[in-house]
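Numbered by mature numbering (1 follows the signal peptide of the UniProt record, and there is no 0), the letters in the sequence shown go through residues -23 to -1, 1 to 402 in order.
Ideal Cβ positions, reconstructed from N, Cα and C, are used throughout, including at glycine.
Reading through the structure tokens given below for one structure.
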Amino acid sequence: MKKVILKTTLSLSVALASTQLFASGFALNEQSISGMGMGYAGRSSAADDPSTVYGNPAGMSRLKGQQITVGAAAIDASTDIKDVSGRSRGQNDGDMVPFTTVPMLFYTNQLNDQWSIGFGAYAPFGLITNYGSNFQGRAFGSKSEVKVATLQPTISYAFNDKVSVGFGPTINRISGELQSDLTLNPLVSDVNVKIKGDDTAWGFNLGVLVQATDTTRVGLTYHSKVNYDLDGHTQITSPTALTGAVNSNRYDASLKITTPESYDLSVTQDMSDAWKLYAGATWTRWSRLKDITVQNQGVTAASGGVLSPQLFGTISEEQNWRDTWAYALGTSYQLNKQWVLRTGLTFDQSPTNNTDRSPRIPTGDRTIFSVGAGYAVNDNLTIDAAVSYLQEKDVTVSKSNTLASYNAKYENSAWGYGLGATYKF
């Protein structure tokens, strides 16, 4: 029985996906407010501000002098859970994603005509869902919180006024907490299983930018995979059937997980002095996530015979995610010296499948519509703002084990809001 509890809790571990994040899987797109206004079309070819440190490090060669960009994006998600059935009882409010903010900071410095340096601090992956302990599908996940914070020192080199390249190693810190609740006896409280873990690992971003013609710019960016080996612990809090006394058991746990590599190919086309078109396609290798395997150590028995230590060992669950494509089209219009207007449309595939999808990852293919604007306060300071609306394709969840089952239809949508500022020294 202990194995069943851990399997339902550790499934997906820190590689969970949130339906409300504006990128496939559990990736985050929120590294640029100006890019957000165009649906992130032209992410690797625009190079309009220091957020190019993430979008394409080669783009730093286009930024004069010293510049700094700071900003934050907020996500306001909504989920309707319908057609629910299963052996458990509980609520299905669907309000499981709190109002979430994603910060960012970027700096660039053009040293000379060839060399530029920069720095970025941003969040490439993350999620938070909190259904509450009375959620009907709590056996398959009641709370999930995963954060990845990245620091990226960066350098770029311009061979000439047509071709430049850029490179930046990334220092990535991941941390996560998962909870599930199982009803073993309807007369006493649920058994709560809480897992925490963290790790730091290295990766890199690499880009090339080509001014193909006087009006056409092409960019290609590679974001590397990052291999994590999380160390942490699992804590099981269980009541006894006769007295209701609470017992707490804790043991060591470890998990290896890889966040996937991606390629972003983008084009920026100048239609006139005021009007630009952007297009982009991003491929992400989510098929790396075939299963989640957790190694457990230091097992002790819980009182009352509720949990059995001999059932511990290696726990694995199939995920079978698939590679995904995202496509984006966008445009910007320089209305006057102060104002630039932006809009974009994005189509983004989900990596999950109908067989393995769970309440932790009730995500489907999504369409995102974005609008934004930039206002030049003066020659040195620009304020950017953006709003996005995400609508997902309805999906179904069907999960079961020897202790519980849960079936439901999820209808997901979200609003995203971004505000940032760029200052030129």
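In this structure, how does DSSP classify Thr340 when only helix, strand and coil are distinguished?
coil
Based on Cα-Cα distance, which residue from Leu128, Gln156 and Ser152 lies nearest to Pro146?
Leu128
Is it the case that the stretch 303 to 314 contacts the stretch 251 to 264, given that we only count it when at least three CB pairs across the two stretches are under 8 Å?
yes
Please list, in chain order, all residues of the same chain as Ser38 whose beta carbon is under 6 Å from its beta carbon, the five residues on each side excluded.
Ser93, Ser133, Ala135 and Ser141
Can you tell me whether Asn389 is buried or exposed? The criterion is at least 16 other CB atoms within 10 Å of its CB, across all chains shown.
buried
Residue nearest to Thr373 in terms of C-alpha spacing, selected from Ala350, Ser347, Leu367 and Thr340:
Thr340
Using the three-state DSSP reduction, which class does Thr236 fall into: helix, strand or coil?
strand
Would you grab the beta carbon distance between Asp158 and Asn169 for me? Rounded to a whole angstrom, and I think it's under 8 Å.
5 Å
Contained beta strand (DSSP E) runs [length at least 3] in the stretch 79 to 157, N- to C-terminal order
92 to 107 and 120 to 135
Are the beta-carbon atoms belonging to Gln113 and Ser65 less than 8 Å from one another?
yes
Helix, strand or coil: which one does DSSP assign to Tyr199?
strand
DSSP three-state label for Val364, please.
strand
Quick one, are the C-beta atoms of Met13 and Ser239 less than 8 Å apart?
no
Does Pro34 come out as helix, strand or coil in the three-state DSSP assignment?
helix
Which whole-angstrom value describes the C-beta separation of Thr323 and Gln246, a residue pair presumed to lie in contact below a C-beta threshold of 8 Å?
The pair is not a contact, with the Cβ atoms about 18 Å apart (cut-off 8 Å).
Between Lys171, Val223 and Ala251, which has its C-alpha nearest Gln212's C-alpha?
Lys171
Between the CA atoms of Gly109 and Asp356 - distance to the nearest angstrom
49 Å
Could you check if Tyr383 is buried or exposed, using at least 16 other CB atoms within 10 Å of its CB as the buried criterion?
buried
Tell me, to the nearest whole angstrom, how far the beta carbon of Ala236 is from that of Ser225; I am working on the premise that it is less than 8 Å.
This sequence places Thr at residue 236; Ala is not what is there. About 32 Å separates the two Cβ atoms, so there is no contact after all.
Flag this pair as yes or no: are the beta carbons of Ser231 and Leu266 separated by less than 8 Å?
no
What are the residues that DSSP puts in a beta bridge with Thr177?
Arg150
Expressed to the nearest angstrom, what Euclidean distance is found between the alpha-carbon atoms of Leu318 and Ala51?
20 Å
Label Ala251 either buried or exposed according to how many other C-beta atoms from any shown protein chain fall within 10 Å of its C-beta, with 16 as the threshold for buried.
exposed
Could you spell out where the alpha helix (DSSP H) holding Gly12 opens and where it closes?
Ile10 to Met13
Assuming the contact rule is C-beta atoms closer than 8 Å, Met15 and Gly349 should be a hit. Round their C-beta distance to whole Å, please.
7 Å
How many Å lie between Val223 and Gln156 at the Cα?
17 Å
With distances taken from CA atoms, which of Phe3, Thr85, Tyr31 and Ser11 is nearest Gly321?
Ser11
Could you check whether the stretch 84 to 100 touches the stretch 56 to 70, counting it as contact only if at least three pairs of C-beta atoms, one from each stretch, sit closer than 8 Å?
no
Can the beta-carbon of Lys253 be found closer than 8 Å to that of Gly209?
no
Using C-beta distances below 6 Å, list every residue in its chain close to Val203, excluding the 5 sequence neighbours before and after it, in chain order.
Asn149, Ala178, Gly180 and Thr236
Thr379 (DSSP reduced to helix, strand or coil):
coil
Between which residues of its own chain and Asn297 is the CB-CB distance below 7 Å, once the five residues before and five after are set aside?
Lys267, Asn330 and Asp333
Lys267: first and last residue of the uninterrupted beta strand (DSSP E) it sits in:
From DSSP, Lys267 is part of no beta strand (DSSP E); its letter is neither H nor E.
Contact set for Leu88: own chain, Cβ-Cβ below 8 Å, skip 5 residues either direction
Ile94
Could you say which of Asp191, Tyr205 and Val187 lies nearest to Leu197 if we only look at CA atoms?
Val187
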